[in-house]
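*Asks:* Quick mapping for you: the protein sequence lines, in order, are chains A and B. Letter 223 of the first sequence, counting from 1, is numbered 223 in full-length UniProt numbering, and no numbers are missing. Letter 182 of the second sequence, counting from 1, is numbered 182 in full-length UniProt numbering, and no numbers are missing. Beta carbons are placed, not taken as given, at the ideal position from N, Cα and C, and that holds for glycine.
Number of protein chains: 2
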Amino acid sequence: MKRTSLKDIANAVNLSKTTISLILNGKAKENNISDETVNRVLAVSRKMNYSPNSLARSLSMGRSKTIGLIVPYITDSFFARVAQVIERQCSSKGYTLIYCSSEESAEKERSQINALLARQIDGLIIASSCRNGEDIALLKNNNFPLVLIDRYYPAIETSHVTVEDEPGAFRLVSYLIDRGHRRIAMVSVSSELLPIDNRQKGYRRALESAGIEYDERMIFEADNADHEGSVRRSIDAMLSMSEPPDAIFFANHLLAAVGFKVLKSREIAIPSRMAICCFGDSSYLELLEPSITAIPMPFEAIGNEALRILLDQIESPETSCYEQIVLPVTEIIRQST
Amino acid sequence: MKRTSLKDIANAVNLSKTTISLILNGKAKENNISDETVNRVLAVSRKMNYSPNSLARSLSMGRSKTIGLIVPYITDSFFARVAQVIERQCSSKGYTLIYCSSEESAEKERSQINALLARQIDGLIIASSCRNGEDIALLKNNNFPLVLIDRYYPAIETSHVTVEDEPGAFRLVSYLIDRGHRRIAMVSVSSELLPIDNRQKGYRRALESAGIEYDERMIFEADNADHEGSVRRSIDAMLSMSEPPDAIFFANHLLAAVGFKVLKSREIAIPSRMAICCFGDSSYLELLEPSITAIPMPFEAIGNEALRILLDQIESPETSCYEQIVLPVTEIIRQST
DNA sequence: CTGAAAGCGCTTACAG
DNA sequence: CTGAAAGCGCTTACAG
Numbered sequence: 001m002k003r004t005s006l007k008d009i010a011n012a013v014n015l016s017k018t019t020i021s022l023i024l025n026g027k028a029k030e031n032n033i034s035d036e037t038v039n040r041v042l043a044v045s046r047k048m049n050y051s052p053n054s055l056a057r058s059l060s061m062g063r064s065k066t067i068g069l070i071v072p073y074i075t076d077s078f079f080a081r082v083a084q085v086i087e088r089q090c091s092s093k094g095y096t097l098i099y100c101s102s103e104e105s106a107e108k109e110r111s112q113i114n115a116l117l118a119r120q121i122d123g124l125i126i127a128s129s130c131r132n133g134e135d136i137a138l139l140k141n142n143n144f145p146l147v148l149i150d151r152y153y154p155a156i157e158t159s160h161v162t163v164e165d166e167p168g169a170f171r172l173v174s175y176l177i178d179r180g181h182r183r184i185a186m187v188s189v190s191s192e193l194l195p196i197d198n199r200q201k202g203y204r205r206a207l208e209s210a211g212i213e214y215d216e217r218m219i220f221e222a223d224n225a226d227h228e229g230s231v232r233r234s235i236d237a238m239l240s241m242s243e244p245p246d247a248i249f250f251a252n253h254l255l256a257a258v259g260f261k262v263l264k265s266r267e268i269a270i271p272s273r274m275a276i277c278c279f280g281d282s283s284y285l286e287l288l289e290p291s292i293t294a295i296p297m298p299f300e301a302i303g304n305e306a307l308r309i310l311l312d313q314i315e316s317p318e319t320s321c322y323e324q325i326v327l328p329v330t331e332i333i334r335q336s337t
Numbered sequence: 001m002k003r004t005s006l007k008d009i010a011n012a013v014n015l016s017k018t019t020i021s022l023i024l025n026g027k028a029k030e031n032n033i034s035d036e037t038v039n040r041v042l043a044v045s046r047k048m049n050y051s052p053n054s055l056a057r058s059l060s061m062g063r064s065k066t067i068g069l070i071v072p073y074i075t076d077s078f079f080a081r082v083a084q085v086i087e088r089q090c091s092s093k094g095y096t097l098i099y100c101s102s103e104e105s106a107e108k109e110r111s112q113i114n115a116l117l118a119r120q121i122d123g124l125i126i127a128s129s130c131r132n133g134e135d136i137a138l139l140k141n142n143n144f145p146l147v148l149i150d151r152y153y154p155a156i157e158t159s160h161v162t163v164e165d166e167p168g169a170f171r172l173v174s175y176l177i178d179r180g181h182r183r184i185a186m187v188s189v190s191s192e193l194l195p196i197d198n199r200q201k202g203y204r205r206a207l208e209s210a211g212i213e214y215d216e217r218m219i220f221e222a223d224n225a226d227h228e229g230s231v232r233r234s235i236d237a238m239l240s241m242s243e244p245p246d247a248i249f250f251a252n253h254l255l256a257a258v259g260f261k262v263l264k265s266r267e268i269a270i271p272s273r274m275a276i277c278c279f280g281d282s283s284y285l286e287l288l289e290p291s292i293t294a295i296p297m298p299f300e301a302i303g304n305e306a307l308r309i310l311l312d313q314i315e316s317p318e319t320s321c322y323e324q325i326v327l328p329v330t331e332i333i334r335q336s337t
């Protein structure tokens, strides 16, 4: 597809590329280019349907007005919504967003970081796999504009936007305890994900501060590659315990949905025989019967803050400094607890 | 962030950029470059952590190994899954995917098409707003590699991948009729979206072939900007009819979820007082109580076929021709009907 | 076996 | 008021 270039316009109006470029970039005034010339060029460029080749422009300017976003799964409604928020903000600020899914793989994450850097992106927002400290450190050491969301590396000082994972989990589990539950299981995912770890800490602290002994057999780790199967096995394992749990805290909304399904299929009454709740939320959790107690993620704030910090780093590198934002969360009590 | 360039390597090893470029692109053999030189360059380029500037490369080669995908909403699980499928396929074929959400706006779609073209993408997959025939025709006339998914323009011959909207709706509504329903309402979205229109046609044909008179007051159009409110109003309107419908066919899964919620809140028993079903599916529709009869979208096949056709156009422009794929769909009968 | 040179489509000091 | 020229980082005929 032949696109018209600056040179084409220059030839058409018998001026130099320089002049055309200046005019099209709104620098006519400061270069004293006559109104007549400006209008003529504008008209012709419109007629020729000109739009600049942004590769050439970025290459020449050394910045692309593009930012990258890497999330684990775009199919996870939480990340999709964060992406939506960031995409909208970006376009209102004249930036383009390129996003991709790392599928929770450190290698994919690495190759995506490299692919994005190769495209000369101006900054990067990552919900990292938590197993890629090397690249994160490299970016940081090069002062590359970077904001981590949802997950960060405690050992590496960066800007990041997260939520109150530990306190949120603490409150939710404490609530279960207040409701009389004593045997509370937790289903999380098998990985070193920081937020999951913090949610587990909150769970543990809630038990401790209620004087309930922590029992590691009550912690189940699902397999990201097989939520369905692994959650089913976890729940079956719980049910076959001599003293089965009477409540389950799921580490995220996807696990909770699967858990709900399994419990239903096993005909376990919720909440009478098993109360359930989870970190994170999704529109359908309130539609289920019983509706599920959950802690919604402030995806709007996460996206907005992350982009604000990133653009600050990009546009005012000298004054900007690392910002760590921890957003508050509030549980929504529904029927499942 | 200073990246190392070909020139940096050339200087480091005292060879020309040409030689480095040839080696790094695996063209050493055909240019008789000595193994020793090759190894030396490879080692140095690794040590210097070189990765080519893909903007420069694309600019020079005139192709970017990048394809664009425009969907209405990445937060719609259907499109997120299609995007996931395409992203995976792309990366396995050495392409990068850039996707963005048009939010069902023709203007956004247009500006995204232009932004993507400006990035010299090699091809484009679009689930179009159906109100942007102008740009689609322009792309087509320039022989730009293009595949439409989910929606297409009947007046413009292009490659596209869609599903059996009309037959699917026909079968589903016929099923409702078989179950004894006579007053069947349809809730669709207020737009000129082709698949929605086809689903409506299927609905209508089912009624006709069962000898049920079509009543346009049974068609409700929800507002994309306010699903919640408009579906609520539609359902309230139905309920206040002298002879309310006894079944509702929702044009997509998002509408069905909202409809389910409203019916519950109005304490309308499903399916005894009101049967419901929808086109499209989502993991949670089977978790609801009653679970919802639906027609799953073959997102895997949509993504795979679309990309296959597109790559064919890109890589063999001379032999490729327009392909129109209509994928079959099968309803899953659940408890809501 | 290797390099100089032109070109991809832009921007931007610099000169007149 | 406007243009020639260099440069961004690559690739690729062409020459030796």
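1) Listing by chain order, which chain A residues have their CB less than 7 Å from the CB of residue 289 of chain B?
2) DSSP puts residue 221 of chain B in a beta bridge; with which residues?
3) Could you tell me which chain B residues have their CB closer than 9 Å to the CB of residue 284 of chain A, listed as they occur along the chain?
4) Flag residue 81 of chain A as yes if its beta-carbon sits less than 8 Å from any beta-carbon of chain B, otherwise no.
5) Alpha carbon to alpha carbon, what distance is there between residue 83 of chain B and residue 326 of chain A?
6) Under 8 Å, do residue 310 of chain A and residue 145 of chain A count as touching if we go by C-beta distance?
7) Residue 49 of chain A and residue 4 of chain A: beta carbons closer than 8 Å?
8) Rounded C-beta distance between residue 278 of chain B and residue 301 of chain B? I'm assuming under 8 Å.
9) Opposite residue 248 of chain A in the DSSP bridges: which residues?
10) So if I threshold CB-CB distances at 9 Å, which residues from the region 85 to 102 of chain A count as touching chain B?
11) Going by CA-CA distance only, name the one from B:251, B:164, B:129 and B:296 that's closest to residue 187 of chain B.
12) Given a threshold of 16 other Cβ atoms within 10 Å of its Cβ, counted over all protein chains shown, does residue 121 of chain A qualify as buried or as exposed?
13) Going by other Cβ atoms of all chains shown within 10 Å of its Cβ, with 16 needed for buried, is residue 75 of chain B buried or exposed?
14) Starting from the Cα of residue 91 of chain A, find the closest Cα among B:86, B:88 and B:103 and give me that residue.
15) In chain order, what residues of the same chain have a beta carbon less than 8 Å from the beta carbon of residue 139 of chain B, not counting five sequence neighbours either side?
16) So, is residue 16 of chain B buried or exposed, given that buried needs 16 or more other C-beta atoms within 10 angstroms?
17) Take residue 158 of chain B and list the residues in its own chain whose beta-carbon comes closer than 8 Å to its own, dropping the five residues that flank it on each side.
18) Along the region 61 to 80 of chain B, where does the CB come closer than 7 Å to a CB of chain A? Name the residues.
19) Would you say the beta carbon of residue 95 of chain A is closer than 7 Å to some non-hydrogen atom of the ligand COA?
20) Hey, is the region 259 to 270 of chain B in contact with the region 231 to 246 of chain B, meaning 3+ C-beta pairs nearer than 8 Å?
21) Measure the C-alpha to C-alpha separation of residue 291 of chain A and residue 108 of chain B and round it to an integer number of angstroms.
22) Residue 126 of chain A: which of A:110, A:38 and A:261 sits nearest, CA to CA?
23) Could you tell me whether the Cβ atoms of residue 297 of chain A and residue 281 of chain A are closer together than 8 Å?
24) Report yes if the C-beta distance between residue 173 of chain B and residue 207 of chain B is below 8 Å; otherwise report no.
25) Kindly identify the DSSP beta-bridge partner or partners of residue 83 of chain B.
26) Is residue 284 of chain B closer than 8 Å to residue 249 of chain B when the C-beta atoms are compared?
27) Could you check whether the Cβ of residue 52 of chain A sits closer than 8 Å to any Cβ belonging to chain B?
28) Would you identify the three-state DSSP class for residue 37 of chain A, choosing helix, strand or coil?
29) Please give me, in chain order, every unbroken run of the alpha helix (DSSP H) with length at least 4 that falls completely inside the region 10 to 60 of chain B.
30) Hey, is residue 47 of chain A's beta-carbon within less than 8 Å of any beta-carbon in chain B?
31) If you draw a straight line from the alpha carbon of residue 259 of chain A to that of residue 87 of chain A, how long is it in whole angstroms?
32) If distances are taken between C-alpha atoms only, which option among A:305, A:205 and A:314 comes closest to residue 143 of chain A?
33) Do we get a CB-CB distance below 8 Å when we pair residue 144 of chain B with the residues of chain A?
34) Where are the alpha helix (DSSP H) runs, 4 residues long or more, that stay fully inside the region 93 to 156 of chain A, in chain order?
35) Which residues of chain B have a Cβ atom closer than 7 Å to the Cβ of residue 59 of chain A, listed in chain order?
36) Is residue 335 of chain B close to chain A, meaning its C-beta is less than 8 Å from at least one C-beta of that chain?
*Replies:* So, from the listed chains and residues:
1) As a working mapping, residue 289 of chain B is identified with position 289 in the second sequence. Here the neighbours are 289.
2) Numbered from 1 along the second sequence, position 221 holds the residue referred to as residue 221 of chain B. Beta-bridge pairing links residue 221 of chain B to B:188.
3) On the first sequence, residue 284 of chain A is found 284 positions in, with the first residue counted as 1. The contacting residues are 257, 282, 283, 284, 285, 287 and 288.
4) Translated into the one-based positions of the first sequence, residue 81 of chain A becomes position 81. Taking Cβ atoms only, chain B reaches closer than 8 Å to residue 81 of chain A, which makes this a yes.
5) Counted from its first residue, the first sequence places residue 326 of chain A at position 326. Counted from its first residue, the second sequence places residue 83 of chain B at position 83. Approximately 30 Å between the Cα atoms of the pair.
6) As a first step, residue 310 of chain A is located in the first sequence; it is residue number 310 there, counting from the start. As a first step, residue 145 of chain A is located in the first sequence; it is residue number 145 there, counting from the start. Their beta carbons are under 8 Å apart, which means residue 310 of chain A touches residue 145 of chain A by this criterion.
7) Counting from 1 along the first sequence, the entry for residue 49 of chain A is found at position 49. Counting from 1 along the first sequence, the entry for residue 4 of chain A is found at position 4. Closer than 8 Å, so yes.
8) As a working note, residue 278 of chain B is residue 278 in the second sequence. As a working note, residue 301 of chain B is residue 301 in the second sequence. The pair is not a contact, with the Cβ atoms about 20 Å apart (cut-off 8 Å).
9) Position 248 of the first sequence, counted from the first residue, corresponds to residue 248 of chain A. DSSP lists A:185 and A:276 as partners of residue 248 of chain A.
10) 87, 88, 91, 96, 97, 98, 99, 100 and 101
11) What you label residue 187 of chain B is simply residue 187 of the second sequence in a count that begins at 1. Comparing Cα positions, the closest option is B:251.
12) Along the first sequence, read from residue 1 onward, the residue named residue 121 of chain A stands at position 121. That one is buried.
13) Taking the first residue of the second sequence as 1, we reach residue 75 of chain B at position 75. Flag for residue 75 of chain B reads buried.
14) Counting from one through the first sequence, the residue named residue 91 of chain A turns up at place 91. For the residues B:86, B:88 and B:103, the minimum Cα distance to residue 91 of chain A belongs to B:103.
15) Residue mapping note: residue 139 of chain B aligns to position 139 of the second sequence, counting from 1. 113, 124 and 146.
16) Locating residue 16 of chain B in the second sequence gives position 16, where the first residue counts as 1. Flag for residue 16 of chain B reads exposed.
17) The count along the second sequence starts at 1 and reaches residue 158 of chain B at position 158. Taken in chain order, the residues that qualify are 136, 140, 146, 147, 148, 152 and 322.
18) 74, 75, 77 and 80
19) No copy of the ligand COA appears in this structure; indeed no ligand is present at all.
20) yes
21) Position 291 of the first sequence, counted from the first residue, corresponds to residue 291 of chain A. Position 108 of the second sequence, counted from the first residue, corresponds to residue 108 of chain B. Cα to Cα, residue 291 of chain A sits roughly 37 Å from residue 108 of chain B.
22) Residue 126 of chain A sits at position 126 when you count from the first residue of the first sequence. Closest option to residue 126 of chain A, Cα to Cα, is A:110.
23) For the purposes of this step, residue 297 of chain A is identified with residue 297 of the first sequence, where counting begins at 1. For the purposes of this step, residue 281 of chain A is identified with residue 281 of the first sequence, where counting begins at 1. Yes. Within cutoff.
24) Taking the first residue of the second sequence as 1, we reach residue 173 of chain B at position 173. Taking the first residue of the second sequence as 1, we reach residue 207 of chain B at position 207. Yes, the Cβ-Cβ distance between residue 173 of chain B and residue 207 of chain B is below 8 Å.
25) In the second sequence, counting from the first residue as 1, residue 83 of chain B sits at position 83. Bridge partners of residue 83 of chain B: none, in fact.
26) Here residue 249 of chain B refers to the residue found at position 249 when the second sequence is read from its first residue. Here residue 284 of chain B refers to the residue found at position 284 when the second sequence is read from its first residue. No, they are not a contact pair.
27) As a working mapping, residue 52 of chain A is identified with position 52 in the first sequence. Yes, residue 52 of chain A lies at the interface with chain B (some Cβ there is under 8 Å from its Cβ).
28) Mapped onto the first sequence, residue 37 of chain A falls at position 37. Helix.
29) 17 to 24 and 35 to 47
30) In the first sequence, residue 47 of chain A corresponds to position 47, counting from 1. Cβ-Cβ to chain B under 8 Å: no for residue 47 of chain A.
31) In the first sequence, counting from the first residue as 1, residue 259 of chain A sits at position 259. In the first sequence, counting from the first residue as 1, residue 87 of chain A sits at position 87. Going by the C-alpha atoms only, they are around 32 Å apart.
32) Residue mapping note: residue 143 of chain A aligns to position 143 of the first sequence, counting from 1. Residue A:314 is the option with its Cα nearest to residue 143 of chain A.
33) As a working mapping, residue 144 of chain B is identified with position 144 in the second sequence. Yes, residue 144 of chain B counts as interfacial toward chain A.
34) As far as the region 93 to 156 of chain A is concerned, its whole alpha helix (DSSP H) runs of at least 4 residues are 106 to 118 and 133 to 141.
35) Your numbering for residue 59 of chain A matches position 59 in the first sequence. Neighbours of residue 59 of chain A on chain B, chain order: 55, 56 and 59.
36) What you label residue 335 of chain B is simply residue 335 of the second sequence in a count that begins at 1. It does not: the Cβ of residue 335 of chain B has no partner Cβ on chain A nearer than 8 Å.
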